[in-house]
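When you line the sequence shown up against the working numbering, it's residues -18 to 65, in that order.
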Amino acid sequence: PLLSGARNNRNSNLSEQIYKRMKTLFPNAKESLAAGVVLLSNIYSSLGKDEEAKTFRSNQIEELGVKVKVGLSWTEIKGHIVVT
């Protein structure tokens, strides 16, 4: 919830602090940390820091040794379902 709140406010500094604290407190919670990596990289992207987002995400996911599950988004636009 804290990391999501920081994301909603596009606060990269707070998000970084929260993620670092998560790594310290829960070093073995690989799946949760991977979700945090995705959230933080999305924050970087939303701020126009696409290269930083890409580098951070790939480095952290490699460090965690996990595979991120890619999801799909279903959106209805004018009565048509769009899958992205």
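Even glycine gets a Cβ: it sits at the ideal position worked out from N, Cα and C. In this text, all values refer to a predicted model and were calculated from it rather than measured experimentally.
> Quick one: Cα of residue 24 to Cα of residue 59, how far?
Replying inline: 29 Å
> In its own chain, which residues sit with a C-beta less than 8 Å from the C-beta of residue 37, not counting the 5 before and 5 after it?
Replying inline: 18, 21, 22, 25
> In terms of residues, what are the limits of the alpha helix (DSSP H) holding residue 36?
Replying inline: 31 to 45
>> So, with DSSP's three-state summary, where would you put residue 63?
In response: strand
>> Among the candidates 30, 8, 7, whose CA atom is the shortest distance from the CA of residue -7?
In response: 30
>> Given a cut-off of 8 Å on the beta-carbon distance, is the pair residue -12 and residue 28 in contact?
In response: no
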